[in-house]
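**Q**
Protein chains: 2
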Amino acid sequence: MLLEHIQSPADVKKLSLAEMNTLAEDIRTLLIEKLSRHGGHCGPNLGMVEATIALHYVFDSPRDKIVFDVSHQSYPHKMLTGRVAAFLSESHYDDVSGYSEPSESEHDFFVIGHTSTSVSLAGGLAKGRDLRGETGNVIAVIGDGSLSGGEALEGLDWAAELNSNFIIVVNDNQMSIAENHGGLYENLAELRRSHGCCENNLFRAMGLDYVYVDKGNDLSSLIEAFRKVKDTNHPVVVHINTLKGKGYAPAEEDKETWHWTMPFEISTGALKQKNIGEDYNSLTAAHLLQRMKDDKTVCAITAGTPGIWGWTPSRRQEAGKQFVDVGIAEEHAVALASGMAKAGGKPVFGVCSSFLQRAYDQVSQDLCINDNPATLLVLWGSLTSMTDVTHLCHFDIPLLSGIPNLVFLAPTNREEYLAMLDWSLAYDRHPVAIRVPVGEPRSATRPVPTDFSELNKSELVSRGKDVAILGLGNFFALGEQVSSALKDRGIEATLINPRFISGLDESLLDSLVSDHRLVVTLEDGALEGGYGEKVARHFGPTSVKTLCFGARKEFVDRYAPADFFAANHLTVPQIVEDILQSLGGF
Amino acid sequence: MLLEHIQSPADVKKLSLAEMNTLAEDIRTLLIEKLSRHGGHCGPNLGMVEATIALHYVFDSPRDKIVFDVSHQSYPHKMLTGRVAAFLSESHYDDVSGYSEPSESEHDFFVIGHTSTSVSLAGGLAKGRDLRGETGNVIAVIGDGSLSGGEALEGLDWAAELNSNFIIVVNDNQMSIAENHGGLYENLAELRRSHGCCENNLFRAMGLDYVYVDKGNDLSSLIEAFRKVKDTNHPVVVHINTLKGKGYAPAEEDKETWHWTMPFEISTGALKQKNIGEDYNSLTAAHLLQRMKDDKTVCAITAGTPGIWGWTPSRRQEAGKQFVDVGIAEEHAVALASGMAKAGGKPVFGVCSSFLQRAYDQVSQDLCINDNPATLLVLWGSLTSMTDVTHLCHFDIPLLSGIPNLVFLAPTNREEYLAMLDWSLAYDRHPVAIRVPVGEPRSATRPVPTDFSELNKSELVSRGKDVAILGLGNFFALGEQVSSALKDRGIEATLINPRFISGLDESLLDSLVSDHRLVVTLEDGALEGGYGEKVARHFGPTSVKTLCFGARKEFVDRYAPADFFAANHLTVPQIVEDILQSLGGF
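First to last, the sequence lines map onto chains A and B. Each residue of the first sequence is one higher than the one before, starting from 1 at the first, in the working numbering. Each residue of the second sequence is one higher than the one before, starting from 587 at the first, in the working numbering.
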């Protein structure tokens, strides 16, 4: 295999066009092979094979610096920059991450996992180069739905002011994760139809020079275009028309499904492991669809990620105008929800914990200062749902729980979750965020209320003494386990389901002081600024001691949840031991 | 005065063109009168007088809904919607806020103070209207520098998909707060020069219909344009060319200075109160200018607000390429800083605490995961610096202190601040944020170190017993006062300057356990998720009690700092009393 002999981009430069085409085939073969066994981003990488080869053929990485947006289109780049071993044999698949990673290679400049950042980050490299009086090309690769994100548009707008070398490659594969949304994608389509010659041109209107490459999977067209812009003395956009999923028929045909895939059979495209029953995501979409039928003002909103909360194409079609995909644009999504709620609609914005980070100010300003009764569903908020450093879902509790007016709920089972969701649709006094549980849905073992308007009211599940356990949301189950283990040690603990993240049930907590010496908090997220610290502050002036369990402050990457739990003292035996020690050898 | 007889927009509709011109004069007279005594946003409002009259003449507010971006261009709107009394006599000036405010009038739909939100918020009103099967026009007014913000661009992109009535009025006054930056403003200039007919058109490229009004301060042109788009069945942009500061010569001449003004003499434009000596902002710019001369890689970055940290036009000119104004685009600014630091530059991004909220994800992902050594200066972070609800600077400690890798510093005086700033420029291991002190600069009374690379090392200012006071940043001075008041009561307290917000000096804290019963934290910000809670969690498992002082969780608006401090138990007598009570009647 030719690819095995590529140690670095220097080896690419020695190849003939025919050899590069062979190389492209090799890359696709290894990509499909690895993805079929390991899973990962499929369509975006398949579409970028030729462009990546051409970039390395024309430019001189790492002196010339290529920054891949989201970096889920960076696997071919990894193969050409000394990391092909991680695609050759299964035992080395995890030697590289799924995103660009400077610790792996001098050809990667940033750890990137959120979308829409490459123009700004690469713009910084270009400005830094200029400040230092250095030379070299800086290339930002963006596309695959990322252009609609505010940060990318801010970056494009700014780029026009950089009076020096800067090349922005727009990988236009005609898709976001799902279909593209927003006016700018219509403009891209118009540009494709006119071979870059139509009157309306977003990039020129932003003050940038522009080059169009119609055959974005054709090596000679790409090489010609990149040569043309190499060493440019001003910012220029190279718009390349690529085919998402190129070279693997199932991925070309169903681009949304094949954006990211679990392991599959190469011959048929069938997933190796079938979907295992109901999950909270599918449950959510099915439930909301039902509500939409009864109430035409209920409207689900996604920012380019419908699939992560059960909105399959058929469900979206069924919802019709009651489903809005704003494209990758979380800031807009939150403000839109606020406006809809103000106008009497019932918007439900579902967003992954990690991506909600992009809209903190909109949650605070547009939504919560205005106190409009929209519903936010915080998806995947947990220490276990995502383990890539750029996609950690650890931080939503600290992020949201300090925002005044927001009611932030932590359901502990399926029935409680759906009751909270229904209640939030009817509630008209404040915005409500719900931390959607993760994992296999648990059934309620106790009656669940339908009304949560007595804010901050916790559920006292069982009353013991000496030690009380507050098991928040996903970690209520852990609280049950700890409680049971303590019982084996002769301790009858009090067990509480806090239900509300955004405020404490002060009267319940104060009632503990008389016969409890220790209050324990368990939260499925970061400790710093989180729920436990509020409880610790509450009991600070009292004689009751507190122990907070959650994740310590660190960026972790690709961790095994079991190891991570052990390192953070989150296993049942560790928690029990800490409790016993605090109680003084009880 | 004709304006005094305008009770509601219905009265505007009865006027002739000549009367409306008189009305415009009346509005300007009252605006200038009020601003000269009270201060406030000047230029943006003066430019929008005719457009506001025309909007109310053509549309039927509140059935037709007008949403003013930032709303510092909404004073004329307030005068025409039943609130003229707040502009007529000084005793009523504070009856209205400086921003749009639904609690004041049914003609205001949102509390808006941050920029770039109106398109998304109004878009939500339009979508909500459609879901409910209602009719009526929805109008977003945007401009004055706001267009470059990511949220606005996301909103424009999305708007093209709304297949119903939506009108976006772009108030193009050729300025941001300072001069405009970014490629899109070049496009606006081109559109002005060509009377809306040039080939490049950002709005058309975003898929929107477009109308240009060259005479944006001419009532009949405006009325004609608004009539044309009224009841449109699709989204349309009305681009109006206005004059910022129109009708007041000093404001027309120096648009940047007159964006917002302190009270002034109308005849001369001279400020009534002269600038009173040195402040931390001016200090910062002067200091950085000096560093820039020694090191050509030092680069200051602002997101459209150079003035708030001392970057006057002359200083900007002196800094040349070492000063970058990205326009209102905080997300881009943070990513740009990360990229520059990666390339070996020394970027310093200065941003108001309240506006930093717009870039949480960029601080976390683009900057801190990548651990690039950029410097963030968090300006105005304090309970006292801004008292409008949309501009509260209470939340930066909770926001930043949970982000791994970030070193977040809280200097307590001038010398310590500048030492930290210099150190951050030289430090190459982590990004550094500095919470720039507020108020009149204090001089150091103790020696200040030049090296802060022993992370989380606090300064033990005096060692007492029983009670320890951690006075963070601005509130170190409060700690000194409390300490002194306790001495009068016979208590020799330990006083600590934490220096680091982002981590605790655990060995120092642990050394207190033996002879301290109470640890008190004082922070000039929100309590929830803040510094005190980290200290409370640290001491949770011990017998040491904790008391945290800061602001409780609430959105407050236009408060008197003294009242606010009293309500939050932040006065010296209150703090002393709470301490004595906790110590048990010591």
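Backbone N, C-alpha and C define an ideal beta-carbon position, used for all residues, glycine too.
Less than 8 angstroms between the beta carbons of L156/A and A126/A, yes or no?
**A** For L156/A and A126/A, no; Cβs fall outside 8 angstroms.
**Q** Given a cut-off of 8 angstroms, decide if I403/A and V482/A are closer than it, judged by their beta-carbon atoms.
**A** no
**Q** I want to know whether the segment 132–144 of chain A touches the segment 940–951 of chain B - three or more CB-CB distances under 8 angstroms.
**A** no
**Q** Between L593/A and N173/A, which are expected to be in contact by the criterion C-beta below 8 angstroms, what is the C-beta distance as a whole number of angstroms?
**A** Lying before the first or after the last residue shown, residue 593/A is absent from chain A, which here runs from 1 to 586.
**Q** Can G350/A and L717/B be called in contact, C-beta distance under 8 angstroms?
**A** no
**Q** Looking at the C-beta of V438/A, does it have a partner C-beta in chain B at a distance below 8 angstroms?
**A** no
**Q** Look at C42/A and H259/A and say whether their C-beta atoms are less than 8 angstroms apart.
**A** yes
**Q** Between the C-alpha atoms of D396/A and K620/B, what's the straight-line distance to the nearest angstrom?
**A** Each residue's CA atom was taken as its position, placing D396/A and K620/B some 44 angstroms apart.
**Q** Looking at the unbroken beta strand (DSSP E) that takes in L995/B, where does it start and where does it end?
**A** Annotation: the continuous beta strand (DSSP E) that includes L995/B extends over 993–995.
**Q** So I1055/B and L1108/B are in contact, right, with Cβ under 8 angstroms, and what is the actual spacing, rounded?
**A** 7 angstroms
**Q** Taking D911/B as part of the beta strand (DSSP E), name the residues at either end of that continuous run.
**A** 909–911
**Q** Using 10 angstroms around the beta-carbon of P1147/B, count the other beta-carbons present and answer buried if the total reaches 16, otherwise exposed.
**A** exposed
**Q** Locate the alpha helix (DSSP H) running through K65/A, then write down its first and last residues.
**A** Careful: K65/A lies outside any alpha helix (DSSP H), inside the beta strand (DSSP E) at 65–68.
**Q** In this structure, does DSSP put N233/A in helix, strand or coil?
**A** coil
**Q** Report yes or no: is there a C-beta of chain A within less than 8 angstroms of the C-beta of T976/B?
**A** yes
**Q** Can you find a CB in chain A that lies within less than 8 angstroms of the CB of L1090/B?
**A** no
**Q** Could you compute how far the alpha carbon of F1172/B sits from the alpha carbon of K1131/B?
**A** In this prediction, F1172/B has a pLDDT of 45, which is less than 50 and means its spatial position is unreliable; what the coordinates show is noted afterwards. When rounded, the distance between both Cα atoms is 15 angstroms.
**Q** Taking S647/B as part of the beta strand (DSSP E), name the residues at either end of that continuous run.
**A** According to the DSSP assignment, S647/B belongs to no beta strand (DSSP E), since it is labelled neither H nor E.
**Q** Measuring alpha carbon to alpha carbon, tell me which of D650/B, G709/B, K599/B, A1153/B ends up nearest A335/A.
**A** G709/B
**Q** Nearest by alpha-carbon distance to V949/B: which of D1008/B, S971/B, H918/B, A929/B is it?
**A** H918/B
**Q** At which residue ranges does the segment 836–912 of chain B contain complete alpha helix (DSSP H) runs of 4 or more residues, listed in the order of the chain?
**A** 866–880, 899–905
**Q** Using DSSP bridges, identify the partner residues of E347/A.
**A** Strictly speaking, residue 347/A in this sequence is Pro, with Glu absent from that position. Answer is C299/A.
**Q** Count the other CB atoms, across all protein chains shown, that sit within 10 Å of the CB of T1031/B; report buried if there are 16 or more and exposed otherwise.
**A** exposed
**Q** Determine the direct distance from the alpha carbon of A205/A to that of N187/A, and round the result to whole angstroms.
**A** Those two C-alpha atoms are separated by around 12 angstroms.
**Q** For L589/B, which residues of its own chain have a beta-carbon under 7 angstroms away from its beta-carbon, when the five flanking residues on both sides are left out?
**A** Within the same chain, L589/B has close Cβ partners L609, D612, I613, L616, M665, V670.
**Q** Identify the continuous alpha helix (DSSP H) that holds E480/A and give its terminal residues.
**A** 476–488
**Q** Report yes or no: is there a C-beta of chain B within less than 8 angstroms of the C-beta of L153/A?
**A** yes
**Q** M606/B to R649/B, Cα distance in whole Å?
**A** 22 angstroms
**Q** Can you tell me whether R669/B is helix, strand or coil according to DSSP?
**A** coil
**Q** Measure the C-alpha to C-alpha separation of E199/A and G1111/B and round it to an integer number of angstroms.
**A** Distance between the alpha carbons of E199/A and G1111/B: 51 angstroms.
**Q** Cβ atoms of P373/A and H430/A: under 8 angstroms apart, would you say?
**A** yes
**Q** Would you kindly report the start and end of the unbroken alpha helix (DSSP H) that includes T1173/B?
**A** Given a span of 587 to 1172 for chain B in the structure shown, any question on residue 1173/B remains unanswerable.
**Q** Can you check which of these residues, P263/A, H195/A, N281/A, Y248/A, is closest to E240/A by C-alpha distance?
**A** The sequence given here has Ile at residue 240/A, not Glu. Closest in C-alpha terms to I240/A, from the list P263/A, H195/A, N281/A, Y248/A, comes H195/A.
**Q** Nearest chain C C-beta to R1123/B closer than 8 angstroms, yes or no?
**A** No chain C appears in the structure shown, which is made up of the protein chains A and B.
**Q** Can you give me the start and stop residues for the beta strand (DSSP E) that I1020/B sits inside?
**A** It spans 1018–1021 - the beta strand (DSSP E) in which I1020/B sits, taken as one unbroken run.
**Q** In whole angstroms, what separates the C-alpha of D515/A from that of S502/A?
**A** 26 angstroms
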